[in-house]
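Participant:
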Amino acid sequence: MFQKNIESYPVKKMPTWRKLTMAMWRPPVDPSAYGTLDIDMTKANTLLEHLRSKIAQKLTPTHLVLKAVALTMKKYPEMNVVLRRNRLYQREHIDIFTQVFFKDAGHADLSGAKVRDADQKTLEQIAEELGGQASQIKKGNDPNLKKTKSLLQMLTPRLLKWFLRFLGFLTFDLNWRPKFLKLPPDPFGAVMISNVGVFGLKFGFAPLTPLSRAPVVIVVGEITDQAVVQNGQIVARPIMTLGVTADHRVMDGYLGGLTGGYLKELLENPEKLLP
């Protein structure tokens, strides 16, 4: 009747600060910490133009960010965890979720697609997988989305509130995935990515989503020419700002500095994202 929702195992050794943060915060008290990363996209833009001439599926900065985040999670597995009942569990897979905007009956709506084992996939594979899922969602052919929408439409706001709390307790705290609900396993992964640059926004922050339990949310901003100092000279460079929201119970300043620095290094030297 029930299956495991997330493949994971308990983290045995944790620093004192990590234990304190988990003791101090609990849902829905907000443990969000915020930060930004400015990325020089000069080399990335060149790489994208080069790859677009060779790959049928269109590559975008979001694909680069997703791949870079996956490699960062591989290097720093402390980032790839899930919090269950005030205890950290190490995820066995590196799964990343990206949001998909679409029109439903003339109104803007939001869904998403998850890339499983993103660290093991090439940029082309990531683009094809996301493109295929996004196409099905926008056409209204995504089976998981249909099942979820039909279920949610049956519930009043008050019932929905309690249902979501129960669902979170069942799927994350107990790590059970009830077959009768026909939900996909761990649909959000460990990191959620949203691109607001397509709407002309330079950067933004997104809230942590209690239902997902993803400890990191990254918002990709629009690439704009900005003045930077290089070798003592003021020059224009294409800059992309990432807005990062992190669960402080998982991501403290030290880990944030390590992961942010490595993520910036990968995106500013995108040849490291290639096989």
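Each residue of the sequence shown is one higher than the last, beginning at 1018 in this note's numbering.
Each residue gets a CB set at the ideal place from its N, CA and C atoms; glycine is no exception.
(1) Tell me whether A1073 sits in a helix, a strand or coil according to DSSP, three-state version.
(2) Give the DSSP-derived three-state secondary structure of Q1020 in the structure shown.
(3) Please report the distance separating the alpha-carbon of P1045 from that of F1222.
(4) Going by alpha carbons, who is nearest to A1130 out of D1203, R1108 and Q1170?
(5) Taking only runs that begin and end inside the segment 1114 to 1160, name each unbroken beta strand (DSSP E) of 3 or more residues, in chain order.
(6) Taking a contact to mean a Cβ-Cβ separation below 8 Å, would you say T1079 touches N1212 in this structure?
(7) Counting only the same chain and skipping the five closest in sequence on each side, list residues whose C-beta sits under 8 Å from that of L1272.
(8) Looking only at its own chain, which residues have a Cβ that is under 6 Å from the Cβ of I1235, when we skip the five neighbours before and after it?
(9) Measuring only the C-alpha atoms, how far is F1186 from S1070?
(10) Does the separation of the CB atoms of F1118 and G1206 fall below 8 Å?
(11) Jot down the residue ranges of each uninterrupted alpha helix (DSSP H) in the segment 1196 to 1281, minimum 4 residues, whole runs only, in chain order.
(12) Since K1060 contacts P1287 with CB under 8 Å, what's their CB separation in whole angstroms?
Facilitator: Working from what's here:
(1) coil
(2) In the structure shown, Q1020 sits in a strand (DSSP, three-state: E or B).
(3) Annotation note: pLDDT 49 at P1045 (below 50); position unreliable, no value reported.
(4) Closest by alpha carbon: D1203.
(5) 1124 to 1132
(6) yes
(7) Y1093, E1095 and M1096
(8) Correct list, in chain order: I1210, L1259 and V1261.
(9) 47 Å
(10) no
(11) none
(12) 6 Å
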